[in-house]
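Step one of this worksheet: look at the structure below.
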Amino acid sequence: MAETKVIMPQMGESIFEGTLTKWLKKKGDRVQRDEPLFEISTDKVDSEIPSPASGVLQDVLVTEGQTVQINTVVAVIGDESAASGPSETAAPSPPQKAETTVEPARTREGREPDVRSSPLVRRIAREHGVTLVALSGKGTGIGGRITKRDILSHIEQGGTGAKTGIIAPPAPIPPARPAAPPAQPSLQPLQPLQPLQPAASTGEGERVPMTAIRKSIAEHMVHSRRTSAHVTTFFEVDCSRILKAREQSRPEFERAGVKLTVTPYFVQAAASALKRFPMLNSSLDGDTIVYKRAINIGIAVNIEGGLIVPVLKNAGGKSLLEMARAINDLGDRARNKKLAPDDVKDGTFTITNPGQYGGLTGTPIINQPQVAIMSLGGIKKRAVVIDDAIAIRSMIILSLSFDHRVIDGAMADQFMADIQKQLEIWQA
Amino acid sequence: MALTTYVEAIRQGIWEEMEKDERVFVLGEDVGIYGGAFKVTAGMLERFGEWRIIDTPISESAIVGAAIGAALMGMRPIAEMQFADFISCAFDQITNFAAKSRYRWGAGVPIVVRAPSGGGVHGGPFHSQNPEMYYVHTPGLKVVCPSTAYDAKGLIKAAIRDPDPVIYFEHKFLYRRIKEELPADDFVVPIGKAAIRRHGTDISVITYGAMVYTALDAARQLEKEGIDLEVLDLRSLLPFDREAVLDTVKKTNKVILLHEDTRIGGFAGELASVISEEAFEYLDGPIRRITAPDTPVPYSPPLEEFFLPKVSDVIRVARELYAY
């Protein structure tokens, strides 16, 4: 019988292990491909993992609560019918058991009902674990065919077959959490880490172990400080044009169901500048500078108990509407713990936005292995001098922490000047 | 710098190679005193003399046969067919002798057969054909179809220097319509390499020869509707740039195969097979062909216009495929 090994997936580039928090199927249960199989919790993401294949859950190798390294085999799915649909992992095997051959009607079981698509769409669906049935009736091609654009926008909006629950909707499950006592959330990842003092009678309060995500942030921050030669530069930018543009575009975006904040303007300006300054979109591998082809911008989001950086993929090619929609969606899913592993991977540049709480500016720590991070201060009306007259303008201070090992001040400032110029002459 | 026409680019390429390499010579009907039916060899008789610019009887078989013999004796002949339509008279020489000589005896036959081809010039059924596929179907040959003046010059030079027989299809419709500035330096265009003439994201049009311009015109009009065509000019058909074909299909996921040649057995059929064999899972729509219908090239101008693939055909098929 052909077998498919189920592995602990990698949930982010710095993640090496994960905790299996709950099995959604028991040994011996039938599962369909893409059906939720188990839940995991890692330093970064809590997530449901869909089954990579259809068949019978033959072996469960990891128990609930156990933490294992990524790529560890956690279960084995037996392919119940060798004659069923194609599976990359299923090797053809001779029919051995009567039960697999007496029910030819089963050969189509586990396959999706006919939904018109294309070879490309089916491949994208397979690679992203999306069930095409979830898009049934939503195709915009001729005769309702699901097109490339349809499936890509579905994926961008976070849809997968498993999450939309079209096949075998799973019972509602409380969000999986690392088994730890509720910690007082700390929203200050840059706060220096105080070594814990032994308990004493000197008025020390409660001692609380760090949560997995807290520990991960702590390690990551210290690692970054040790790795990169951090330098921060500051640029003051007049936001009048983008605020006006936003007022103009807001109704139109609302009609499209997208709330328009100022963030997409900064992300778009950064994406555009990164095309002209590929060094800012690189990483360092030993003595080699690796220029990244894609511009994938991570956007720091505050979540309960910490901070997560979902990544806006291919930011270079997106319209403002697409960008706003994608950023909102990533933020929502980050807060609702619905991020998929891919959502936090492959970032090439990061933007953080402490200004939303009124901060003037910041000196952020680089998100390794990237080489730069931009911070948005708060937008505030200030008196500024323009042509020897004092004017009231909405100003922001942008800061850029960059890795002086690869980027010199001149380049960092040219990059920031590029962003400044784009924002100050923005055309709606 | 002056603009060079497609036909002048061919002339320059031959001229420069003849200056550089005394083994190179030209033979064909009226190539000497008359300067060739399309003036590709104008002035060459005066410069290179009658031993290197040879007027021949009206016999394509004799022209190619003599060229093969000379090539086997160490020369680099360029045989001119007055019209590609008459290359069929030399079919046996090309397909059975030139193409197979290296395989049979290890003796390369470095000849170039120039074949002025293509319609749109009201030449009728014997002066308008695109007979490239007879030769694409013959292992041992190379087949090129330049579409720009740069490629016309770069490919004729590459063909002359190539150690094996190259059939060089030059499109008559482009002779004096296409002009561009050419570099002064010596350059060649490698045989077997395609060129992207327009980068796009929605649909790839894979084509060659005069149809490159049909595709580009259609792309300019479709741009206004938000349909973004990528245009790949194959430049060489044998060997063809498989990698460039697959890359563009993987990029846009929809493909139109466009050629002036007739439909059955046309190059589009081969491309469609390769794409479905090697890039099936990248296709977001059917592979579409736009070709001439399976008839002789009509003499009547309105019928010829109907026969040749047009900008409006590309626009129609692209719209259908975009919506698919």
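Protein sequences, first through last, are from chains A and B.
The letter at position 392 of the first sequence is residue 408 when you use this note's numbering, and the numbering goes up by one with no holes.
The letter at position 170 of the second sequence is residue 179 when you use this note's numbering, and the numbering goes up by one with no holes.
The beta-carbon is built from N, C-alpha and C at its ideal position, and this holds for glycine as well.
Could you tell me which chain A residues have their CB closer than 8 Å to the CB of residue i, listed as they occur along the chain?
i, result
"residue 292 of chain B", "134, 135 and 136"
Assign residue i to one of two classes, buried (16 or more other C-beta atoms within 10 Å of its C-beta) or exposed (fewer than that).
i, result
"residue 200 of chain A", "Low per-residue confidence applies at residue 200 of chain A: pLDDT is 43, beneath 50, and the placement is therefore not dependable enough to give any value."
"residue 67 of chain A", "buried"
"residue 335 of chain A", "exposed"
"residue 321 of chain B", "exposed"
"residue 240 of chain A", "buried"
"residue 303 of chain B", "exposed"
"residue 425 of chain A", "exposed"
"residue 383 of chain A", "buried"
"residue 401 of chain A", "exposed"
"residue 49 of chain A", "buried"
"residue 187 of chain B", "buried"
"residue 265 of chain B", "buried"
"residue 69 of chain A", "buried"
"residue 146 of chain B", "exposed"
"residue 276 of chain B", "buried"
"residue 151 of chain B", "buried"
"residue 364 of chain A", "buried"
"residue 208 of chain B", "exposed"
"residue 42 of chain B", "exposed"
"residue 336 of chain B", "A question about residue 336 of chain B goes unanswered here, because the residues of chain B that appear run from 10 up to 333."
What first and last residue would you give for the alpha helix (DSSP H) that runs through residue i?
i, result
"residue 287 of chain A", "279 to 292"
"residue 114 of chain B", "110 to 114"
"residue 29 of chain B", "15 to 29"
"residue 82 of chain B", "Segment: none, residue 82 of chain B is in no alpha helix (DSSP H) and carries neither H nor E."
"residue 159 of chain B", "158 to 170"
"residue 11 of chain A", "Because chain A here runs from 17 to 444, residue 11 of chain A falls outside it and cannot be looked at."
"residue 402 of chain A", "Here residue 402 of chain A belongs to no alpha helix (DSSP H); instead the beta strand (DSSP E) covers 396 to 402."
"residue 185 of chain B", "Per DSSP, residue 185 of chain B belongs to no alpha helix (DSSP H) and is neither H nor E."
"residue 252 of chain B", "251 to 261"
Taking the continuous beta strand (DSSP E) assigned at residue i, which residues delimit it?
i, result
"residue 84 of chain A", "83 to 85"
"residue 74 of chain A", "71 to 76"
"residue 64 of chain B", "62 to 64"
"residue 180 of chain B", "175 to 180"
"residue 301 of chain B", "297 to 301"
"residue 270 of chain B", "264 to 271"
"residue 310 of chain B", "Premise fails: residue 310 of chain B lies in the alpha helix (DSSP H), 310 to 316, not in any beta strand (DSSP E)."
"residue 123 of chain B", "121 to 126"
"residue 320 of chain A", "No beta strand (DSSP E) contains residue 320 of chain A, which DSSP labels as neither H nor E."
Say whether chain A places a C-beta atom closer than 7 Å to the C-beta of residue i.
i, result
"residue 92 of chain B", "no"
"residue 361 of chain B", "Because chain B in this structure spans residues 10 to 333, residue 361 of chain B falls outside the shown range and cannot be described."
"residue 249 of chain B", "no"
"residue 262 of chain B", "yes"
"residue 214 of chain B", "no"
"residue 66 of chain B", "no"
List the residues of chain B whose Cβ lies closer than 7 Å to the Cβ of residue i, in chain order.
i, result
"residue 158 of chain A", "332 and 333"
"residue 309 of chain A", "Simply none; closest approach about 13 Å."
"residue 421 of chain A", "Going along chain B, no residue has its Cβ under 7 Å from residue 421 of chain A, so there is no contact; the nearest lies around 35 Å."
Could you pull the DSSP bridge partners for residue i from this structure?
i, result
"residue 428 of chain A", "Answer is none; residue 428 of chain A lacks a bridge partner."
"residue 54 of chain A", "A:39 and A:65"
"residue 246 of chain A", "A:419"
"residue 242 of chain B", "B:204 and B:216"
"residue 46 of chain A", "A:72"
"residue 265 of chain A", "None; residue 265 of chain A has no bridge partner."
"residue 304 of chain A", "A:301"
"residue 365 of chain A", "A:313"
Can you check whether the C-beta of residue i is within less than 7 Å of a C-beta belonging to chain B?
i, result
"residue 164 of chain A", "yes"
Counting only Cβ pairs nearer than 8 Å, list the residues of chain B close to residue i.
i, result
"residue 139 of chain A", "290 and 291"
"residue 161 of chain A", "333"
Any heavy atom of the ligand ADP closer than 6 Å to the Cβ of residue i?
i, result
"residue 213 of chain B", "The ligand content of the structure shown is nil, which means the ligand ADP is not present either."
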